[in-house]
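Here is the structure we will look at.
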Amino acid sequence: MSEGSLKPVTVPRELAIAMLRDMVRIRRFEERCADLYGQQKIRGFLHLYIGEEAVAAGAINALAPEDAIVATYREHGHALTRGVSANAVMAEMYGKREGCSRGRGGSMHVFDAATRLYGGNAIVGGGLPLAVGLALADKMQGRQRVTAVFFGEGAVAEGAFHESMNLAALWKLPVAFFCENNLYAMGTALARSESQTDLCVKAAAFKVPTLKVDGMDVVAVHEGAKQAVEYVRRGDGPFFVEFQTYRYRAHSMFDPDLYRDKAEVEAWKKRGPIHNLTNRLKAEGRLTEDDFLAIDAAATHEVEAAVAFAEAGTWEPVEDLARDVHTEPAR
Amino acid sequence: MKMTYREAVRQGLRDALATDPRVFLMGEDVGKYGGTYAVSKGFLEEFGPERIRDTPLSELAFVGTGIGAALGGMRPIVEVMTVNFSLLALDQIVNTAALYRHMSGGQFSVPLVVRMATGAGRQLAAQHSHSLENWYAHVPGIKVIAPATIDDARGMLKPALADPDPVVIFEHALLYNFEGELSEPWRDVDIASAKVLRPGRDVTLVAYAGTVWKALEAARQLAAEGVEAEVVDLRVLRPLDDATIMASVRRTRRAVVVDEGWRTGSLAAEVMARIMEQAFYDLDAPVARVCSEEVPIPYAKHLEDAALPQPPKIVAAVKQLLGKT
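In order, the protein sequence lines correspond to chains A and B. Per our numbering, the very first residue in the first sequence carries number 1; after that it's consecutive. Per our numbering, the very first residue in the second sequence carries number 1001; after that it's consecutive.
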């Protein structure tokens, strides 16, 4: 493709750079997580978002600070983009007390009340009804807030998806349904699990407006998400966006990745969200290689600082094992 | 004042709706139909469709919506028609509501109340008659309560709504038409303690929900034969009030646990284990239990009766403990 045919970056430079920065932060953070997993510093399940960064970076930058986010077990990118500190997320991965969930949640359960991040849900589809409820509370209390719920295409097979879409549409609730279609539910391809593979058609069955977006293009993601969020905030009901994306890494660190062709992975990598944006910005003269290197260096620095923070973190005393099973009475 | 259990539940709900604008009721047929058990009849007209919300038949979604609404600052009361149907929402109650505070490191509490009918006795057959309270009572992070008396039917909702964490309320379906006296003057009730409903010196009958009344009936029959049974109403199934149970067992030195759940893995088994752990040397006889037979609850009246704990079975169990066969 010649530079002349690159799609223009139709957002202000400041926003484009902010989204680029978020994508690079996620990429560097997760590459480091993979290393740390190999060193057994991080244990349990670790689901990497690498390849899908444009979705979180584009969509979350379309939300207002008062909006809520409900995410999945592949949510590090959402947390970092939302402004949860890399320190708190990394310390959580280490299982340290300084982690955002005090070491109770790990990689799959990143929560942050300050930025209204309602997890980190490791039951596929489990966050959808919760998002409907947050939106109901906003509507009943007359607030103009939006709840954005992220879920994979695998969740579309769950009853929770259909029940939640119906309820949100029926009651005209302010939910932005953001489907991250990375084509594989763990190892099962969409076409092997769904009779109808056009996810927007499913959403349209509930009379919900839909949009299909190139999830490898952060600008397209942002514009699609913005359209959805603006619609939802007007109070006309929910909106469904399918972001077509791809994860480069295996489902989790345990996954031998035997169910897809290497050629397919390589083909998607050519569409990588980070160089997709950098190439376009460079072609438009809005980004230099030095600019990019500075962003990259800052991300690496942030991640290394987070690793140091997590290393220096402390273990929750075992005496506090049962803390927060119930809300403790106010003292 | 004399009233039905239904009226007592209804008054509790009305009170909550009238005094706290954050409270709303949501579930299948709670509005236009008036509630499956006519508990919320007239509420739709009184409180409006925003606060009395008829839902589609989507137990998973509307219970989960209750969780989200609770997180969003409301005080939802979610009604699930029966415990059997609640299995469709089990994921949201167990995997989300119960775990949310702990797995978020204490950042979020879920002040959700879920009400559901439980139990057999109305010939509704296998899929509407089971007692699965102990499935919920197994799970840390939720409280499980089972009002058996008019006072508790009237009063337990208020502390349940005031609780910052999820509370599951079981209302035995057979009790809705049950009549009794509401205490005067009224005193608020707690959701922490078990209660001795009838004092006695010879044996402790531990029961909850529908079996409380069967245990009281058994106690009356036993009294006629000179055996004084103490009846403890558990009221709260999680966390269990060990102190009240053990104090009673230490007095009577014998215990029979009456539970409408199936025997295997029952709540009765848990109560028995605790008595063994905490009061073994105070016992004069092995702890016994009367539970439902290990069959799906059948439709035909005589079979249904035979499947459930009944006063004669309780009396027989007590006599066996006392060596009076």
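Cβ atoms here follow ideal geometry from the backbone N, Cα and C, with glycine treated the same way.
Proximal residues of chain B, C-beta to C-beta of residue i below 8 Å
{"i": "Q141 (chain A)", "result": "G1072, G1073 and M1074"}
{"i": "N166 (chain A)", "result": "P1056, S1058 and A1061"}
{"i": "H109 (chain A)", "result": "M1103 and S1104"}
{"i": "Y73 (chain A)", "result": "The contacting residues do not exist; Y73 (chain A) stays about 12 Å from chain B at best."}
Burial state of residue i, where buried means 16 or more other Cβ atoms lie within 10 Å
{"i": "D198 (chain A)", "result": "exposed"}
{"i": "Q40 (chain A)", "result": "exposed"}
{"i": "D1305 (chain B)", "result": "exposed"}
{"i": "W1262 (chain B)", "result": "buried"}
{"i": "R13 (chain A)", "result": "exposed"}
{"i": "S1131 (chain B)", "result": "buried"}
{"i": "A1008 (chain B)", "result": "buried"}
{"i": "P1049 (chain B)", "result": "exposed"}
{"i": "G285 (chain A)", "result": "exposed"}
{"i": "E30 (chain A)", "result": "buried"}
{"i": "P1140 (chain B)", "result": "exposed"}
{"i": "L1329 (chain B)", "result": "Residue 1329 (chain B) falls outside the range modelled here, since chain B spans only 1001 to 1325, and no answer is possible."}
{"i": "T288 (chain A)", "result": "exposed"}
{"i": "E254 (chain A)", "result": "It should be noted that the sequence gives Phe, not Glu, for residue 254 (chain A). Its Cβ having fewer than 16 others within 10 Å, F254 (chain A) is exposed."}
{"i": "A160 (chain A)", "result": "buried"}
{"i": "T1096 (chain B)", "result": "buried"}
{"i": "L20 (chain A)", "result": "buried"}
{"i": "K1143 (chain B)", "result": "buried"}
Under 7 Å by beta carbon: chain A residues contacting residue i
{"i": "G1066 (chain B)", "result": "G133"}
{"i": "H1344 (chain B)", "result": "Nothing about residue 1344 (chain B) can be reported from this structure: the residues present for chain B run from 1001 to 1325 only."}
Rounded separation between residue i and residue j - CA only
{"i": "D261 (chain A)", "j": "F1170 (chain B)", "result": "53 Å"}
{"i": "A137 (chain A)", "j": "C1291 (chain B)", "result": "42 Å"}
{"i": "R1251 (chain B)", "j": "P1286 (chain B)", "result": "15 Å"}
{"i": "Y1208 (chain B)", "j": "R1235 (chain B)", "result": "6 Å"}
{"i": "Y184 (chain A)", "j": "T245 (chain A)", "result": "10 Å"}
{"i": "V1336 (chain B)", "j": "G103 (chain A)", "result": "Chain B is shown only over 1001 to 1325; residue 1336 (chain B) falls outside these bounds and no answer can be derived."}
{"i": "A1089 (chain B)", "j": "V132 (chain A)", "result": "15 Å"}
{"i": "A1223 (chain B)", "j": "K1301 (chain B)", "result": "28 Å"}
{"i": "A283 (chain A)", "j": "L6 (chain A)", "result": "8 Å"}
{"i": "E304 (chain A)", "j": "T81 (chain A)", "result": "17 Å"}
{"i": "A1194 (chain B)", "j": "L1099 (chain B)", "result": "25 Å"}
{"i": "D320 (chain A)", "j": "G77 (chain A)", "result": "30 Å"}
{"i": "G154 (chain A)", "j": "T1036 (chain B)", "result": "35 Å"}
{"i": "T10 (chain A)", "j": "A263 (chain A)", "result": "31 Å"}
{"i": "V1094 (chain B)", "j": "L1060 (chain B)", "result": "11 Å"}
{"i": "P8 (chain A)", "j": "W1135 (chain B)", "result": "57 Å"}
{"i": "D324 (chain A)", "j": "R43 (chain A)", "result": "22 Å"}
{"i": "D1241 (chain B)", "j": "A114 (chain A)", "result": "37 Å"}
Per-residue contacts from residue i into chain B (C-beta, under 9 Å)
{"i": "C100 (chain A)", "result": "S1104, G1105 and Q1107"}
{"i": "D159 (chain A)", "result": "For the record, residue 159 (chain A) in the displayed sequence is Gly; it is not Asp. Per Cβ cutoff of 9 Å: S1058, L1060, A1061 and L1088."}
Listed by chain order, chain B residues near residue i by CB distance under 7 Å
{"i": "A113 (chain A)", "result": "Q1107 and F1108"}
{"i": "E163 (chain A)", "result": "S1058, L1060 and A1061"}
{"i": "I123 (chain A)", "result": "D1091 and N1095"}
{"i": "H76 (chain A)", "result": "Those within 7 Å of H76 (chain A) in chain B number zero; the least Cβ separation is about 16 Å."}
{"i": "T119 (chain A)", "result": "It should be noted that the sequence gives Gly, not Thr, for residue 119 (chain A). Ordered by position in chain B, the residues that pass the 7 Å Cβ test against G119 (chain A) are S1104."}
{"i": "G126 (chain A)", "result": "D1091, N1095 and T1096"}
Cross-chain neighbours of residue i in chain A, by beta carbon under 9 Å
{"i": "D1190 (chain B)", "result": "Going along chain A, no residue has its Cβ under 9 Å from D1190 (chain B), so there is no contact; the nearest lies around 14 Å."}
Residue i beta carbon near the ligand SAH (any heavy atom closer than 8 Å)
{"i": "L1240 (chain B)", "result": "For the structure depicted, the ligand SAH is absent and the ligand set is empty, with no information on it obtainable."}
Cross-chain neighbours of residue i in chain A, by beta carbon under 8 Å
{"i": "A1069 (chain B)", "result": "G133, L134, L136, A137 and M140"}
Pairs of beta-carbons, one from the stretch 1244-1262 of chain B and one from the stretch 1270-1283 of chain B, closer than 8 Å: are there three or more?
Touching, per the Cβ criterion.
Below 8 Å, can you find three or more Cβ-Cβ pairs linking the stretch 1125-1134 of chain B to the stretch 1099-1116 of chain B?
Fewer than three Cβ pairs drawn from the stretch 1125-1134 of chain B and the stretch 1099-1116 of chain B lie within less than 8 Å of each other, which leaves the two stretches out of contact.
Can we say the stretch 53-63 of chain A touches the stretch 1059-1072 of chain B, given the rule of at least three CB pairs closer than 8 Å?
Taking 8 Å as the limit for Cβ pairs, the verdict is that the stretch 1059-1072 of chain B does not touch the stretch 53-63 of chain A.
Please determine if the stretch 47-55 of chain A and the stretch 210-223 of chain A are in contact, where contact requires at least 3 C-beta pairs separated by less than 8 Å.
Contact between the stretch 47-55 of chain A and the stretch 210-223 of chain A is present, because at least three Cβ pairs lie under 8 Å.
Please list, in chain order, the residues of the stretch 1122-1151 of chain B that have any C-beta partner in chain A closer than 7 Å.
Cβ contacts with chain A come from P1140 and G1141.
Any residues in the stretch 1080-1097 of chain B with a beta carbon nearer than 7 Å to a beta carbon of chain A? Which ones, in chain order?
So the close ones are D1091, Q1092, N1095 and T1096.
Using 8 Å as the Cβ pair cut-off and three pairs as the minimum, do the stretch 1070-1087 of chain B and the stretch 1009-1028 of chain B touch?
Yes: the two stretches touch, three or more of their Cβ pairs being nearer than 8 Å.
Can you confirm whether the stretch 1183-1190 of chain B touches the stretch 1208-1225 of chain B when touching is taken to mean that 3 or more C-beta pairs between the two stretches lie within less than 8 Å?
Contact fails: fewer than three Cβ-Cβ distances are below 8 Å.
Residues of the stretch 1035-1051 of chain B with Cβ closer than 9 Å to any Cβ of chain A, in chain order:
Along the stretch 1035-1051 of chain B, going in chain order, the ones with a CB nearer than 9 Å to a CB of chain A are E1050 and R1051.
Members of the stretch 1154-1181 of chain B near chain A, C-beta cut-off 7 Å
Under the 7 Å Cβ criterion, the stretch 1154-1181 of chain B contributes P1164 and D1165.
Are three or more beta carbon pairs between the stretch 1173-1184 of chain B and the stretch 1145-1153 of chain B nearer than 8 Å?
The stretch 1173-1184 of chain B, when compared against the stretch 1145-1153 of chain B, does touch it at the 8 Å Cβ threshold.
Below 8 Å, can you find three or more Cβ-Cβ pairs linking the stretch 145-153 of chain A to the stretch 112-131 of chain A?
The answer is yes - the stretch 112-131 of chain A touches the stretch 145-153 of chain A, with three or more Cβ pairs under 8 Å.
Would the stretch 1035-1047 of chain B and the stretch 1010-1019 of chain B be scored as touching if the rule is three or more Cβ pairs under 8 Å?
The stretch 1035-1047 of chain B vs the stretch 1010-1019 of chain B: in contact.
When you compare the stretch 306-317 of chain A with the stretch 90-102 of chain A, are there three or more beta-carbon pairs, one atom per stretch, that lie closer than 8 Å?
Contact annotation: the stretch 306-317 of chain A touches the stretch 90-102 of chain A, with at least three C-beta pairs closer than 8 Å.
Report yes or no: do three or more beta-carbon pairs, one from the stretch 201-208 of chain A and one from the stretch 167-177 of chain A, lie closer than 8 Å?
Counting C-beta pairs closer than 8 Å gives three or more between the stretch 201-208 of chain A and the stretch 167-177 of chain A, which meets the contact rule.
Below 9 Å between beta carbons is the criterion; list the residues of the stretch 46-67 of chain A that meet it against any residue of chain B, in chain order.
Within the stretch 46-67 of chain A, no residue has a Cβ that lies closer than 9 Å to any Cβ of chain B.
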